[in-house]
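Asker:
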Amino acid sequence: MHVVDTNFSFPASHAFIRACQEAGIPRNRDLNGFNYEGCDLFQVNQTPEGRRCHASSSFLNPVLHRDNLTVITHALVARILFQGKRAIGLEYYPLKKNKRLMTLSAKKEVILSAGVINSPQILQLSGIGPGGDLEKLGIPVVHDLPGVGRNLQDHPDVIIRCLDKSKTSFCTSPGPHTLKFLSRYFSKNPPFIFTPTDAGGFVKSDPSVEIPDLQLQFAAIRMQPHGHGLLTPARFGFVLHVCHMRPKSRGRVSLRTADPFDPPRIEPHYFDDEFELDALVKGVKIGRDILSQPAMKAFNGGEEVPGPAVKSDREIRHFILEKMETVYHTAGSCKMGVDDEAVVDPELRVHGLESLRVIDASIMPTITGSNIHAPTVMIAEKGADMVLEEMR
Ligand SMILES: Cc1cc2nc3c(=O)[nH]c(=O)nc-3n(C[C@H](O)[C@H](O)[C@H](O)COP(=O)(O)OP(=O)(O)OC[C@H]3O[C@@H](n4cnc5c(N)ncnc54)[C@H](O)[C@@H]3O)c2cc1C
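Numbering of the sequence shown is given in my numbering, commencing with residue 16 and proceeding in unit increments.
(1) Please return the same chain residues whose Cβ sits closer than 6 Å to the Cβ of residue 398, not counting the five positions on each side in sequence.
(2) According to the Cβ coordinates, are residue 184 and residue 251 closer than 8 Å?
(3) Let me confirm a value: residue 238 is counted as buried when at least 16 other C-beta atoms fall within 10 Å, else exposed. Which label applies?
(4) Is residue 188 near residue 298, with beta carbons less than 8 Å apart?
(5) So residue 369 packs on residue 100, CB below 8 Å; how close in whole Å?
(6) For ligand 1, any of its heavy atoms closer than 7 Å to the Cβ of residue 391?
(7) Can you determine whether any heavy atom of ligand 1 sits closer than 7 Å to the C-beta of residue 416, and answer yes or no?
(8) By how many angstroms is the C-alpha of residue 389 removed from the C-alpha of residue 58?
(9) Find the nearest neighbour of residue 413 within the set 179, 197, 204, judged by alpha-carbon distance.
(10) Could you tell me the boundaries of the beta strand (DSSP E) in which residue 400 lies?
(11) Does the pairing of the stretch 274-292 with the stretch 351-360 give three or more beta-carbon distances under 8 Å?
(12) Between which two residues does the alpha helix (DSSP H) carrying residue 148 extend?
(13) Examine ligand 2 and report whether any of its heavy atoms sits within less than 7 Å of the Cβ of residue 89.
(14) Does the beta-carbon distance from residue 126 to residue 142 come in below 8 Å?
(15) Measuring alpha carbon to alpha carbon, tell me which residue in 331, 272, 157, 90 is nearest residue 112.
(16) Skipping 5 residues on each side, what residues in its chain have a beta carbon closer than 7 Å to that of residue 78?
(17) Let me check understanding here. Comparing Cα to Cα, which of 199, 202, 394, 172 lies closest to residue 344?
(18) Does the stretch 302-315 touch the stretch 30-42, meaning 3 or more C-beta pairs lie closer than 8 Å?
(19) In this structure, what does DSSP give as the bridge partners for residue 20?
(20) Helix or strand or just coil, what does DSSP make of residue 293?
(21) What separation, rounded to the nearest whole angstrom, lies between the Cα atoms of residue 68 and residue 208?
(22) Identify the residues that DSSP records as bridge partners of residue 90: which are they?
(23) From which residue to which residue does the beta strand (DSSP E) around residue 229 run?
(24) Determine, using beta carbons only, whether residue 256 and residue 232 come nearer to each other than 8 Å.
(25) If you drop the 5 nearest sequence neighbours on each side, which residues of the same chain put their C-beta closer than 7 Å to that of residue 97?
(26) Can you tell me where the beta strand (DSSP E) with residue 118 in it begins and where it stops?
(27) State the Cα-Cα distance for the pair residue 381 and residue 191, rounded to the nearest angstrom.
(28) Alpha carbon to alpha carbon, what distance is there between residue 400 and residue 406?
(29) Checking 8 Å against the spacing of the C-beta atoms, do residue 271 and residue 167 come in under that value?
(30) Residue 338: which of 286, 106, 215, 224 sits nearest, CA to CA?
(31) Helix, strand or coil: which one does DSSP assign to residue 315?
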């Protein structure tokens, strides 16, 4: 996996970094370093040739030719099979052909990596989870493990959106910078290394906080959360994401039915602990302060969201409660540990069972204080080492 510097960004992104400094937030040239407080352009997962890289292009594609590897896609794992307490294989439905239930047997062990929502779903479908809940759905209990699906965490996020009076941000009506963006996008030389939220950093919501608990992500694009509205009204603008990175609230993933095709129930319980709501109120004020600094004067053409009518702390709280969004950083629903709520042990083996591990973001006991993809890759590498070590 390659982590490289971006080599394309819009003028407003550079102005944002200057504005952060004017607001007292230091520039930090290594936001992935030990001290990650401060602001700068973000680094991205791309190859030095400018191709976007991800877990499968970096780890799976290079070894697809191996004789001891078979990849089955378009398949839905229904449940893990057990002999007593030992995992011996799984059942799955091929989704493209006949949807007839198929079985795979495991000689050594089963490794579950279905992610934070689906790993606890598959465990529960297989009879591993809160015994009483499983019995109510008619699922035979293989092992009563109350922590499965609990401890769900995520980073809540809100955006501040402004118009860009300099008209230098990305827009569907072809301004000079949009044309430059498109010509760089299609050019191979030099390679185009870019992410829409290219500038930002980490700040403390309050000086009393020990380590940064807020992430700022700036994008010189007038977009709405999840990229919605990217291609709507052709007006120039920019957004600042304010995201809380140290949530104390804990949610849950549980089964609605015993049917593996039914999505599970997801209860994120955002803001159960008022702590992160208070921090986000402070975060919106910090964001507004940055966007009103002299460096942003040539760009800031007025705040659209939350908008000038939202002034007091009460109004900002209300705005956050209405408009908060996920940034899809879920973690923690099969947590590693040795306490009563732990699902896997420090070797990622499911407590109370044999030959079954969970290796994905669900095993994080506490969500990381930044984006979680890179830490998940680290968990996978460490997990792979532990599997190999045991084989030896
Ligand atoms: C829209 C979006 C944007 C994101 N942006 C960022 C970002 O910018 N930076 C960042 O750090 N993180 C980001 N994340 C989070 C990051 O992608 C995840 O943290 C990471 O992928 C978690 O890895 P994982 O291996 O735990 O799970 P996943 O990557 O979700 O892998 C689980 C796999 O299991 C498969 N699966 C699930 N159930 C079954 C089943 N029953 N049968 C068969 N297969 C199954 C899924 O199809 C999937 O391929 C984003 C996530 C989303 C959804």
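All C-beta atoms, glycine included, are put in the ideal place defined by N, C-alpha and C.
Answerer: Taking the structure as given:
(1) Contacts found: 363, 374.
(2) For residue 184 and residue 251, yes; Cβs fall inside 8 Å.
(3) It counts as buried.
(4) For the pair residue 188 and residue 298, the CB atoms are not nearer than the 8 Å cut-off.
(5) Between residue 100 and residue 369 the Cβ distance is about 6 Å, and since that is below 8 Å, they are a contact.
(6) Distances taken from the Cβ of residue 391 to the heavy atoms of ligand 1 include one shorter than 7 Å.
(7) No answer is possible for residue 416: the residues shown for the chain start at 16 and end at 407.
(8) When only Cα atoms are considered, residue 58 and residue 389 end up about 12 Å apart.
(9) There is simply no residue 413 to check, as the chain begins at 16 and stops at 407 in what is shown.
(10) For residue 400, there is no enclosing beta strand (DSSP E); the enclosing alpha helix (DSSP H) has its first and last residue at 388-406.
(11) The stretch 274-292 is not in contact with the stretch 351-360.
(12) Residues 146-151.
(13) As for ligand 2, it is missing from this structure, which binds only ligand 1.
(14) It is not a contact, given that the beta carbons lie outside the stated cut-off.
(15) If we check each option's Cα against that of residue 112, 90 comes out closest.
(16) Excluding positions up to five away in sequence, the list reads 84.
(17) The residue with the shortest Cα to Cα distance from residue 344 is 172.
(18) Yes: the two stretches touch, three or more of their Cβ pairs being nearer than 8 Å.
(19) Here residue 20 is bridged, per DSSP, to 58.
(20) It is helical.
(21) Straight-line Cα distance between these residues: approximately 11 Å.
(22) Residue 90 is bridged to 109.
(23) Here the beta strand (DSSP E) through residue 229 covers 229-234.
(24) Yes, the pair counts as a contact, with Cβ atoms nearer than the cut-off.
(25) Closer than 7 Å at the Cβ level, and outside the excluded window around residue 97, lie 103, 157.
(26) It spans 117-120 - the beta strand (DSSP E) in which residue 118 sits, taken as one unbroken run.
(27) If I take the Cα positions, the gap works out to 45 Å.
(28) Rounded to the nearest angstrom, the two C-alpha atoms are 10 Å apart.
(29) Their beta carbons are not under 8 Å apart, which means residue 271 does not touch residue 167 by this criterion.
(30) Distance from the Cα of residue 338 is smallest, within the candidate group 286, 106, 215, 224, for 286.
(31) Of the three classes helix, strand and coil, the one that applies to residue 315 here is strand, per DSSP.
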